[in-house]
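K.L.:
Start counting at 1 in the sequence shown, then tack on 10, and there's your number in the working numbering.
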Amino acid sequence: MKLKSLFILWCLQLPYVVFATEQQPNVVVFFIDDLGWADVGVNGSTFYETPNIDALANQGANFTRAYSAHPVCSPSRAAMMSGKAPQRVGITDWIHQPSELHLPLAEVTIGEAFQQAGYKTGYIGKWHIGEKDQQMPKSQGFDWMKAVNRGGQPGSYFYPYKKPKGGFGKAEFLNIPDLEDGKVGDYLTDAVTDNALGFIEKNQKQPFLLYVSHYAVHTPIQAPADLIKKYQKKRKDLYQDSRTPYNQGRNNTYYRARQDLPAYAAMMENLDTNIGRVIKRLDELNLTDNTIVVFTSDNGGHGKKTSNQPLNNGKGFNYEGGIRIPTIISWPGQIKKLSSDLPIITMDMYPTLLDLAGIELKPKQHLDGMSIKTLLTGKKAAAKLKQRFLAWTYPHEHGSGHKPSSAISKDGWKLIKFKVGNPFELYNLTNDVGEQKDLAEQNPKKVKQLASLLAKWLEQTTPKTPKT
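(1) Alpha carbon to alpha carbon, what distance is there between Ser109 and Val50?
(2) Can you tell which of Asp358, Leu364, Thr387 has its C-alpha closest to the C-alpha of Met380?
(3) What are the complete alpha helix (DSSP H) segments, minimum 4 residues, inside the stretch 75-142?
(4) Under DSSP, the alpha helix (DSSP H) around Glu279 begins and ends at which residues?
(5) Which one or two residues does DSSP pair with Val37 in a beta bridge?
(6) DSSP three-state call for Glu407: helix, strand or coil?
(7) Whole angstroms is fine: what's the gap from Gln214's alpha carbon to Gly128's?
(8) Taking 8 Å as the threshold (beta carbon to beta carbon), is Phe124 in contact with chain C?
(9) Indicate the three-state DSSP secondary structure (helix, strand or coil) for Pro353 in the structure shown.
(10) Between the stretch 230-240 and the stretch 259-276, do three or more beta carbon pairs fall short of 8 Å?
(11) Which partner residues of Phe428 appear in the DSSP bridge assignment?
(12) Would Gln23 be called buried (16 or more neighbouring beta carbons within 10 Å of its own) or exposed?
(13) So for Leu248, helix, strand or coil by DSSP?
(14) Would you mind stating whether Gly165 and Lys175 have Cβ atoms separated by less than 8 Å?
(15) Helix or strand or just coil, what does DSSP make of Glu211?
(16) To the nearest angstrom, how far is it from the Cα of Lys325 to the Cα of Asn300?
(17) Over what stretch of residues does the alpha helix (DSSP H) that includes Phe152 continue unbroken?
(18) Assuming Pro336 is part of the beta strand (DSSP E), what are its boundary residues?
(19) Rounded to the nearest angstrom, how far is the Cβ of Lys260 from that of Tyr77, given a contact under 8 Å?
(20) Between the beta-carbon of Ala233 and the beta-carbon of Asn159, is there less than 8 Å?
(21) Would you tell me roughly how many angstroms separate the C-alpha atoms of Glu117 and Pro473, rounded to the nearest one?
(22) What does the Cβ neighbour count give for Phe40, buried or exposed, with the cut at 16 atoms within 10 Å?
(23) Please report the straight-line C-alpha distance between Glu141 and Thr387, rounded to a whole angstrom.
(24) Using the Cα positions of Gln69 and Trp341, report the straight-line distance between them to the nearest angstrom.
(25) With the cut-off set at 8 Å, would you say Pro550 and Lys424 are in Cβ contact?
(26) Per DSSP, which one or two residues make a beta bridge with Ile42?
(27) Which same chain residues, not among the five before or five after Tyr225, have their C-beta less than 7 Å away from its C-beta?
(28) What's the call for Lys389, buried or exposed, on a 16-neighbour Cβ count within 10 Å?
(29) Going by C-alpha to C-alpha distance, which of Gly161, Leu352, His376 sits closest to Thr362?
(30) Find the nearest neighbour of Phe218 within the set Tyr249, Val37, Pro81, Gln459, judged by alpha-carbon distance.
(31) Could you check what DSSP says for Gln459 in three-state terms: helix, strand or coil?
(32) Cβ of Ala206 within 8 Å of Cβ of Val227?
(33) If you run the structure through DSSP and keep just helix, strand and coil, what is Ser263?
(34) Put Leu439 into one of helix, strand or coil per three-state DSSP.
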């Protein structure tokens with residue numbers, strides 16, 4: 011009788027096992043560099059043209075209050091890989107090369123989590139959380155990697171993707187490897203996509219995770235000449251020869267008040283075209299209905315290259331322009347079409363993707379992330395999302411003009427704490443998304459409440475000894 015019961019139990023479990031090994035969804039993550047919240051049409055851009063990204067948003071879940079884990083790249087990239095706040099893994103600034111700093115190998119990355127579940131994993135593009143061989147994607151959970159340089163920005167967006175003499179950075183870190191078979195005139199975003207498509211075609215018969223980490227739209231701002239000409243004409247038609255207006259921000263900083271840089275717009279159109287190429291190929295291979303697609307960014311837009319309006323300032327700052335980002339999650343037939351203003355953050359991607367794929371969660375790993383599967387599938391209200399707070403810390407100066415600060419957002423209120431100068435700024439984001447009216451003096455109790463919560467978060471998430 012006991013054996014019969016065990017046999018029945020095994021039979022009941024059998025369909026789940028078949029699903030887990032044969033029907034798990036593929037995952038494609040587009041992780042864009044320096045893409046601002048306002049850079050896509052679905053969030054209001056009219057100068058940039060992004061029909062493919064907009065279509066993705068309109069068929070899936072578009073988050074209007076999605077945030078990066080940090081206002082600069084390396085910390086956000088570490089958070090995406092680990093599911094932890096950047097300071098937990100010891101990365102609180104962009105990594106300047108050469109450096110010993112890297113994502114600790116002890117972290118179980120999202121790549122390793124999918125790899126352990128039997129997925130074929132691929133990574134292409136910018137990494138910037140380790141520069142030595144043993145710190146690169148192949149040592150952090152990805153079976154295949156391509157075009158991963160050892161620094162931040164590319165040496166050039168044009169073949170052979172190498173840094174010219176002079177200018178920013180060292181060639182040994184910025185030059186893009188593995189794309190030597192190109193030709194003069196080839197463009198980096200196209201080449202990255204070509205290789206991403208090759209990975210999809212090669213692995214279409216098994217579950218795969220493909221992480222497409224585009225170098226675009228980070229500096230240097232370079233784009234195909236025909237597209238630049240198109241947007242030079244568009245700018246002239248819209249604004250004649252008028253100068254680009256700028257707003258003044260904290261620490262005597264200035265940031266664009268209008269999207270009108272032709273080369274940046276050209277980079278955006280090319281990026282959008284390449285997103286469309288991948289979506290189209292998934293459809294041609296009959297993979298669309300079994301593929302989760304994520305589109306997101308590492309931080310807000312560069313305030314001197316694009317305008318993040320109506321948001322305040324840009325990359326490098328804990329203002330909305332530096333941390334609010336486009337985020338879209340699509341899975342036809344499984345994720346309902348929605349536009350949500352519930353706050354989510356980079357770390358949420360790790361548990362959410364595991365949850366959607368039917369992979370066991372790793373709560374000790376993705377400590378600071380929350381699965382939003384129930385919100386995406388419409389099964390129940392996401393009460394915890396409404397009740398929680400989000401917080402950031404950037405304890406360094408930055409080329410944008412930023413001075414060390416931390417921030418916390420809860421229930422529509424946002425407090426920014428600065429290390430120097432006026433210590434607190436308080437905003438009601440519900441009524442003032444542009445953070446133009448500082449309410450700190452009028453609301454001392456709210457300042458005290460949020461400052462206390464922020465201090466506790468910093469204490470809980472900052473290691474007593476540095477990570478190595």
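Note that the Cβ used here is the ideal one computed from N, Cα and C, for glycine as well.
Values in this document were obtained by computation on a predicted structure and should not be read as measured data.
P.N.:
Taking the definition as stated:
(1) 34 Å
(2) Asp358
(3) 83-92, 120-126
(4) 272-294
(5) Leu219, Ile302
(6) coil
(7) 14 Å
(8) Looking at the structure shown, chain C is missing, and only one protein chain is on hand.
(9) coil
(10) yes
(11) Ser415
(12) In this prediction, Gln23 scores a pLDDT of 48, lower than 50, which makes its location untrustworthy; the coordinate-derived value is nonetheless stated afterwards. So Gln23 counts as exposed.
(13) helix
(14) no
(15) helix
(16) 35 Å
(17) No alpha helix (DSSP H) holds Phe152; DSSP gives it neither H nor E.
(18) 334-340
(19) What sits at residue 260 in the sequence shown is Arg, not Lys. At roughly 19 Å, the Cβ-Cβ gap does not stay under 8 Å, so Arg260 and Tyr77 are not in contact.
(20) no
(21) 14 Å
(22) buried
(23) 38 Å
(24) 9 Å
(25) Lying before the first or after the last residue shown, residue 550 is absent from the chain, which here runs from 11 to 478.
(26) Ser307
(27) Asp43, Gly135, Lys136, Gln163, Pro164, Leu198
(28) exposed
(29) His376
(30) Val37
(31) helix
(32) no
(33) Sequence check: residue 263 is Thr here, not Ser. Note: Thr263 maps to strand in three-state DSSP.
(34) coil
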